[in-house]
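Right, one structure below, let's go through it.
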Amino acid sequence: MDQRIHDHAEVLVDWSARIEDGDDVVLRVDEGAHDLAVAVAEKLGERGANVLPVYGSDEVESAFVRGHDGDFDQDPDFEVAMLERADAVLSLRGQHNTAAKAAVSGEKRSAYKKSRTAIKTRQMDTDWVSTLHPTRAHAQNAGMGYEEYKDFVYDAILRDWESLADEMANLKDLLDEGSEVRLVKEDTDLTMSIEDRTAVNSAASVAYDSHNLPSGEVFTAPEATEGEVYFDVPMTHDGVRIRDVRLAFEDGEVVDWSAEVGEAALEDILTTDEGAKRLGELGIGMNRGIDRFTDSILFDEKMGDTVHLAVGRAYSSCLPEGEEGNQSAVHVDMITDVSEDSRMEIDGEVVQRNGTFRWEDGFEG
Numbered sequence: 000m001d002q003r004i005h006d007h008a009e010v011l012v013d014w015s016a017r018i019e020d021g022d023d024v025v026l027r028v029d030e031g032a033h034d035l036a037v038a039v040a041e042k043l044g045e046r047g048a049n050v051l052p053v054y055g056s057d058e059v060e061s062a063f064v065r066g067h068d069g070d071f072d073q074d075p076d077f078e079v080a081m082l083e084r085a086d087a088v089l090s091l092r093g094q095h096n097t098a099a100k101a102a103v104s105g106e107k108r109s110a111y112k113k114s115r116t117a118i119k120t121r122q123m124d125t126d127w128v129s130t131l132h133p134t135r136a137h138a139q140n141a142g143m144g145y146e147e148y149k150d151f152v153y154d155a156i157l158r159d160w161e162s163l164a165d166e167m168a169n170l171k172d173l174l175d176e177g178s179e180v181r182l183v184k185e186d187t188d189l190t191m192s193i194e195d196r197t198a199v200n201s202a203a204s205v206a207y208d209s210h211n212l213p214s215g216e217v218f219t220a221p222e223a224t225e226g227e228v229y230f231d232v233p234m235t236h237d238g239v240r241i242r243d244v245r246l247a248f249e250d251g252e253v254v255d256w257s258a259e260v261g262e263a264a265l266e267d268i269l270t271t272d273e274g275a276k277r278l279g280e281l282g283i284g285m286n287r288g289i290d291r292f293t294d295s296i297l298f299d300e301k302m303g304d305t306v307h308l309a310v311g312r313a314y315s316s317c318l319p320e321g322e323e324g325n326q327s328a329v330h331v332d333m334i335t336d337v338s339e340d341s342r343m344e345i346d347g348e349v350v351q352r353n354g355t356f357r358w359e360d361g362f363e364g
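Laid out in structure tokens, this is it:
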């Protein structure tokens, strides 16, 4: 087995999930992530944890949803019970077919997601971490050869996370102290309130309230969004390609939208429920180990020189105690490239121009 798979497993178990002796761990494994699951299970055994492997597949889930009449049971008790007992949930993504969900209607996909809100909430109450094992399907999506893609994935994952956390703390401090963010670029002029919000220094560890490996972003939960934004980075959502998205906001809500490709899928997302038309996240990518777009949101949204916004659910870690924030069955990230002719302001002060932060060499104030 490639030594990097063992290194990936060690980072996941020790740095990201902080697994300890006696922890009960649910190990969710995609059909293409078996090798990583073997390496992770070995590490969990060495740490004295208890493990319950749960093997999944987008094709299996799609077959179930497609065959169902659409009146799904709300949060089946057996799955809720499993998560209530879990200390951590480690999700090892790695599909053989990244478009497996495309055969399911948007209406049924939305109904299925809404039927699992308590399941999603309970998983998020654990020390959950999601990561990806490189497969040929993901390499194909990225337009890369398999060996090249593996190098790309491990360059993004096997990093000096402590040093990156120290750098990202600069932006966290600015966001924590700020009241309003403005993003300006071609076809984009958007303002968002971040008053009383707490930014998350997403350094790929639950110790930082960070739940993705790789990570490398700073994010918060905006509100009172006004203006227009253009997302020029393509994405695939539930197996459907979406490209060149434009959203217009008034009083914090999307009032107009369009997409050059996949507009019906975009509409399905935005009409899932009332909260799906409001922002749940503003994220700024800072992982410069990710140097190209690969049509995987796990990587693309963390890339340096990008900003992403998510419609739907807000993360509680960004909110004041006692405040619910935006609620939705969805949380869908969309990405815009800020490497050229762009600026981000906090309370009127430019903190990033053309992808360069004010503490970096080459910043133009």
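Note that numbering that gives the first Met the number 0 gives residue 59 to position 60 of the sequence shown, counting from 1, and the numbers run on in steps of one. Quick reminder that beta carbons are idealized off the backbone N, C-alpha and C, glycines included.
* Hey, would you say Lys100 sits closer than 8 Å to Ala328, going by beta carbons? -> no
* Is Val59 buried or exposed, if buried means 16 or more other CB atoms sit within 10 Å of its CB? -> exposed
* Let me know if Ala102 comes out buried or exposed under the rule of 16 or more other beta-carbons within 10 Å of its beta-carbon. => Burial call: exposed.
* Asked: By Cβ distance, which residues of its chain are closer than 6 Å to Thr224, with the 5 residues on each side in sequence left out?
  -> Met191, Phe248, Gly251 and Leu278
* Looking at C-beta atoms only, is the number of pairs between the region 310–319 and the region 147–164 that lie closer than 8 Å three or more? -> With a cut-off of 8 Å on Cβ pairs, the region 310–319 is not in contact with the region 147–164, counting fewer than three such pairs.
* For Val260 versus Arg245, is the C-beta spacing smaller than 8 Å? -> no
* **Distance CB(Leu35)-CB(His132) smaller than 8 Å** => yes
* Taking the C-alpha atoms as reference points, what is the distance between Val88 and Trp127? -> 4 Å
* To do: For the beta strand (DSSP E) holding Phe248, just list the boundary residues, first then last.
  => Element bounds for Phe248: Val239 to Glu249.
* To do: Determine the closest residue to Phe151 out of Asp255, Met302, Asn169 and His236, with distance taken between C-alpha atoms.
  => The shortest Cα separation from Phe151 among Asp255, Met302, Asn169 and His236 belongs to Met302.
* If you drop the 5 nearest sequence neighbours on each side, which residues of the same chain put their C-beta closer than 6 Å to that of Tyr207? -> Asn200
* To do: Classify Glu300 as buried or exposed, calling it buried when 16 or more other Cβ atoms lie within 10 Å of its own Cβ.
  => It is buried - the Cβ of Glu300 has at least 16 other Cβ atoms within 10 Å.
* Return the residue from the list Asp290, Leu173, Gly226 and Ala202 that minimises the CA-CA distance to Glu185. => Gly226
* **Ala275 and Val310 closer than 8 Å at C-beta** => Yes, Cβ-Cβ distance for Ala275 and Val310 is below 8 Å.
* Would you report the Cα separation of Arg84 and Val253, rounded to the nearest angstrom? -> Distance between the alpha carbons of Arg84 and Val253 is about 38 Å.
* To do: Quick one: which unbroken alpha helix (DSSP H) runs of 4-plus residues sit fully inside the region 9–87? Chain order, please.
  => Correct list: 33–45, 57–66 and 76–84.
* Asked: Are Met0 and Ala38 touching if we call contact CB-CB under 8 Å?
  -> yes
* To do: Check each candidate in Ala141, Ile283, Leu43 and Asp332 and name the one with the smallest Cα separation from Ser338.
  => Comparing Cα-Cα distances from Ser338 to each of Ala141, Ile283, Leu43 and Asp332, the minimum goes to Ile283.
* **Pick from Thr130, Leu91, Gly364 and Leu265 that is closest to Ile156, judged by C-alpha positions** => Closest option to Ile156, Cα to Cα, is Thr130.
* To do: Work out the CA separation of Ile18 and Asp368 for me, nearest whole Å.
  => With the chain covering only 0 through 364, there is no way to say anything about residue 368.
* Asked: By Cβ distance, which residues of its chain are closer than 7 Å to Gln73, with the 5 residues on each side in sequence left out?
  -> Ser114
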